[in-house]
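Take a look at the structure set out below.
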Amino acid sequence: MAEGTPILHSNPSSNNHASFEADSSILKIVGGHRLSGEVRVSGAKNSALVIMAGTLLCPQDCRLRNVPSLMDVSRMSEILASLGVKLKRHGDTLEVDARHISQSKAPYELVSQLRASFFVIGPLLARLGVARVPLPGGCAIGARPVDLHVRGLQAMGADVQIEHGTVYAYVPGSNKRLKGARIYLDYPSVGATETLMMAATLADGETILENAAQEPEVIDLANFCRAMGARIRGAGTNTIIISGVPSLHSVDYSIIPDRIEAGTFLVAGAITRSDITVGPVVPDHLAAVVAKLQAIGTTVVEEGLNRLRVVPGDRHIGTDIETLPYPGFPTDMQAQFTALLAVSEGDSIITETVFENRLRHAAELNRMGADIRVKGNNAIIRGVPFLSGAPVNATDLRASAALVLAGLAAQGTTLISGLHHLDRGYDNLEAKLKAVGAKIDRIVGEAPAPSVDVVATTTRPRTDGLS
Ligand code: UD1
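Numbering (my numbering), first residue to last: 33 to 499.
This is the structure:
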């Protein structure tokens, strides 16, 4: 393996903020400035995380390119290292050597910090015939069970017990190979589709996944596995067919651009009434996001093959949005659109169908003068002419992006705390926004508690009796 930076002895996040710093730091945004220019999109977080887990399938060197610099990637590196995998990072390239896996048990301290680490269960089981992975538990946006992963692995012949908070899975029999199976997923879960696809690559016989997730990251994982010699058809449709092979081989693979990061920048253009270009992107991956931007009154044009330019409209009008599995509108863009609709004329309703607790940003946006009522899984938004800067707290990853977007558009100064959420999933967000003209700075140190004076002067009184 080539020389590089051993991943565990460095902070691979180019945000250059260790998590404890991020916890006590704030982002200061002076809003109301137009943006201009081009923003570069990093590799997809959700592809990178699952593909990193997928390297456990490979007994030879793997080189991953276009790997974003994120806290989540750093945590997944730690999990792989704890299993005996060697990793080195050079810029956005990650060299992974999973020849020798010394452990089949992922440590709870790490799994509990990164839900996506549960993904190691499929490849560990396929490669070693045994895996012990703590239940990841709930997270800020919902309970997020793993029953579909577990039931699918059982259908493939694994014996799975859940004891003391850990999933113990092993393949009975002397050859320790999972068996191909026909599996219908009750819900097109992204994670379950990915777990079962990875598990099936080395299984004995054919696996058919029905009602599979169709997300671009599922296709990216399938392409990565195919580049290692796996036989997979149908990724990107609701039926994926995997014919197991005895072993996989070395690979050099580049991760797709992050459609959610790209979508966040497109909304940044729209909400600040700016003309900016975002790339590289795969425009098809953003079809639902672009359709909603256009419904609101923003124009989005393709520039060449892999860039999108957002041109603000004269007026932005509210629209309704329902989150759905791909190709529907992504739940990971819901919070950012909540911020945009908060300053679009008229009423909008957002319906969150994927996660049960993903509207917590509404209360923070209301502190900035938005008029949003949450009822169950609906956010009822009455557009206001402007937002006012305020101290606010990020409650989850995409909520933190929504607050940044609101801060860029707001009058005055916004102070955002809870930055460990932002650093999980955005690669160098401040630098990228600064480069297109945003007034945004990270202040490292103690996050100030919102002062009563500031709250009193920045929160609009509600008119609906629900304050
Ligand atoms: C992935 C993405 C996340 C995105 C989500 C939906 C990664 C690392 N994360 O999460 O950013 O928001 O897809 O696009 O790729 N469910 C069950 N049982 C299961 C599995 C899931 O009930 O065994 C439920 C979940 O609780 C949730 C819904 O199915 O309500 C969707 O979850 P899923 O598609 O699995 O999302 P993740 O893979 O966790």
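For glycine and all other residues, C-beta sits at the position ideal for the given N, C-alpha and C.
Quick caveat, the model's predicted, so the values are computed rather than measured.
Would you mind working out which of the options sits nearest residue i, comparing C-alpha positions?
i           : options               : result
residue 287 : 84, 454, 62 and 64    : 84
residue 192 : 164, 217 and 205      : 164
residue 283 : 90, 456, 242 and 404  : 90
residue 323 : 298, 258, 311 and 75  : 298
residue 520 : 357, 343 and 235      : Given that the chain is displayed from residue 33 to residue 499, the structure contains no residue 520 and the question cannot be resolved.
residue 276 : 238, 245, 308 and 292 : 238
residue 394 : 231, 426 and 421      : 426
residue 418 : 400, 433 and 369      : 400
residue 380 : 105, 291, 455 and 352 : 352
residue 445 : 471, 105, 398 and 222 : 471
residue 131 : 139, 138, 113 and 147 : 113
residue 459 : 101, 59, 64 and 225   : 101
residue 442 : 421, 448 and 454      : 421
residue 358 : 80, 314, 247 and 66   : 247
residue 423 : 389, 448 and 435      : 448
residue 264 : 241, 285 and 367      : 241
residue 199 : 366, 450 and 183      : 183
Is residue i buried or exposed, if buried means 16 or more other CB atoms sit within 10 Å of its CB?
i           : result
residue 207 : exposed
residue 475 : exposed
residue 161 : buried
residue 68  : exposed
residue 433 : buried
residue 214 : exposed
residue 27  : In this structure the chain extends from 33 to 499, so residue 27 is not present and cannot be described.
residue 462 : buried
residue 219 : exposed
residue 319 : exposed
residue 154 : buried
What are the start and end residues of the alpha helix (DSSP H) that includes residue i?
i           : result
residue 453 : 451 to 457
residue 425 : Unbroken run through residue 425 is the beta strand (DSSP E), 423 to 425; no alpha helix (DSSP H).
residue 500 : It is not possible to answer for residue 500, since the shown part of the chain is limited to 33 through 499.
residue 140 : 140 to 143
residue 69  : Element bounds for residue 69: not the alpha helix (DSSP H) but the beta strand (DSSP E), 68 to 72.
residue 440 : 429 to 441
residue 535 : Within the shown structure, residues of the chain are numbered from 33 to 499, placing residue 535 beyond reach of any answer.
residue 399 : 393 to 399
residue 303 : 291 to 303
residue 257 : 248 to 259
residue 77  : 77 to 86
residue 467 : 461 to 467
How many angstroms separate the CA atom of residue i from the CA atom of residue j?
i           : j           : result
residue 373 : residue 300 : 12 Å
residue 279 : residue 431 : 41 Å
residue 145 : residue 107 : 8 Å
residue 440 : residue 211 : 52 Å
residue 266 : residue 340 : 28 Å
residue 303 : residue 348 : 9 Å
residue 119 : residue 109 : 7 Å
residue 350 : residue 122 : 44 Å
residue 143 : residue 328 : 40 Å
residue 469 : residue 216 : 49 Å
residue 235 : residue 258 : 15 Å
residue 245 : residue 141 : 29 Å
residue 274 : residue 159 : 16 Å
residue 103 : residue 250 : 22 Å
residue 337 : residue 291 : 15 Å
residue 189 : residue 203 : 7 Å
residue 307 : residue 331 : 10 Å
residue 391 : residue 310 : 27 Å
residue 437 : residue 371 : 7 Å
residue 230 : residue 57  : 38 Å
residue 452 : residue 59  : 11 Å
residue 127 : residue 261 : 18 Å
residue 201 : residue 63  : 51 Å
residue 81  : residue 95  : 14 Å
residue 28  : residue 376 : What the structure shows of the chain is the stretch from 33 to 499, and residue 28 is not part of that stretch, so it cannot be assessed.
Would you please state the rounded distance, in angstroms, between the beta carbons of residue i and residue j? I believe it to be under 8 Å.
i           : j           : result
residue 99  : residue 124 : 5 Å
residue 73  : residue 334 : Going by Cβ atoms, the distance from residue 73 to residue 334 rounds to 14 Å, so no, they are not a contact pair.
residue 156 : residue 136 : 6 Å
residue 227 : residue 151 : 6 Å
residue 76  : residue 289 : 6 Å
residue 410 : residue 383 : 5 Å
residue 413 : residue 428 : Wrong, their Cβ atoms sit about 19 Å apart, outside the cutoff.
residue 197 : residue 166 : 6 Å
residue 180 : residue 221 : 5 Å
Can you tell me where the beta strand (DSSP E) with residue i in it begins and where it stops?
i           : result
residue 186 : First-last for residue 186: 179 to 187, but that is the alpha helix (DSSP H), not the beta strand (DSSP E).
residue 375 : Where residue 375 is concerned, there is no enclosing beta strand (DSSP E), given that its DSSP letter is neither H nor E.
residue 195 : 191 to 195
residue 201 : 198 to 202
residue 121 : 118 to 122
Verify the contact flag: residue i, CB atom, against every heavy atom of the ligand ZN, threshold strictly below 8 Å.
i           : result
residue 219 : This structure lacks the ligand ZN; its bound ligands are the ligand UD1.
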